[in-house]
Amino acid sequence: KYYFDILAGTSMSCPHLSGIAALIRSVHRDWSPAAIKSAIMTSAKQLNIAQNPILDEMLQPADILAIGAGHVDPGKAMDPGM
Numbered sequence: 060k061y062y063f064d065i066l067a068g069t070s071m072s073c074p075h076l077s078g079i080a081a082l083i084r085s086v087h088r089d090w091s092p093a094a095i096k097s098a099i100m101t102s103a104k105q106l107n108i109a110q111n112p113i114l115d116e117m118l119q120p121a122d123i124l125a126i127g128a129g130h131v132d133p134g135k136a137m138d139p140g141m
């Protein structure tokens, strides 16, 4: 038998973002932690996987206070145009 769990929330986003930060650092050795954070945040999208606005609990387009920077785009974070 196989068992699995579906997990979500900040506990699951932390390892993903840590991995993305490590990948960016491996390509851009001269970037500071603040530059890496900025690249991740400024390249994030406020759209979900279906390219629709991320909604809050009232089913309205969520603002940055509800969703943070948005849905991370690792490829774009590698070259955010800074």
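Those letters in the sequence shown? Residues 60 to 141, by our numbering. Note that beta-carbon positions come from the ideal geometry of N, C-alpha and C, so glycine has one too.
From this set, the options, which residue's C-alpha is nearest residue i's C-alpha?
i	options	result
serine 72	Lys135, Ser102, Gly127	Gly127
glycine 134	Ala121, Leu114, Gln119, Thr101	Thr101
aspartate 115	Leu124, Ala103, Ala136	Leu124
glycine 129	Met117, Asp138, Gln110	Gln110
leucine 106	Trp90, Gln119, Gly78	Gln119
Return the chain-ordered list of same chain residues with a C-beta closer than 6 Å to the C-beta of residue i, the five sequence neighbours on each side being excluded.
i	result
alanine 80	Ile95
For the alpha helix (DSSP H) containing residue i, list its first residue and its last residue.
i	result
glycine 134	133–137
isoleucine 126	123–126
lysine 96	92–101
histidine 75	69–86
Go through its chain and collect everything with a Cβ distance to residue i's Cβ below 7 Å, but skip five positions before and after it.
i	result
alanine 121	Ile113, Leu114, Asp115
aspartate 132	Ser102, Ala103, Lys104
valine 86	Met137
Ignore the nearest five residues each way along the sequence and tell me which others in residue i's own chain have a CB closer than 8 Å to its CB.
i	result
leucine 82	Pro133, Met137
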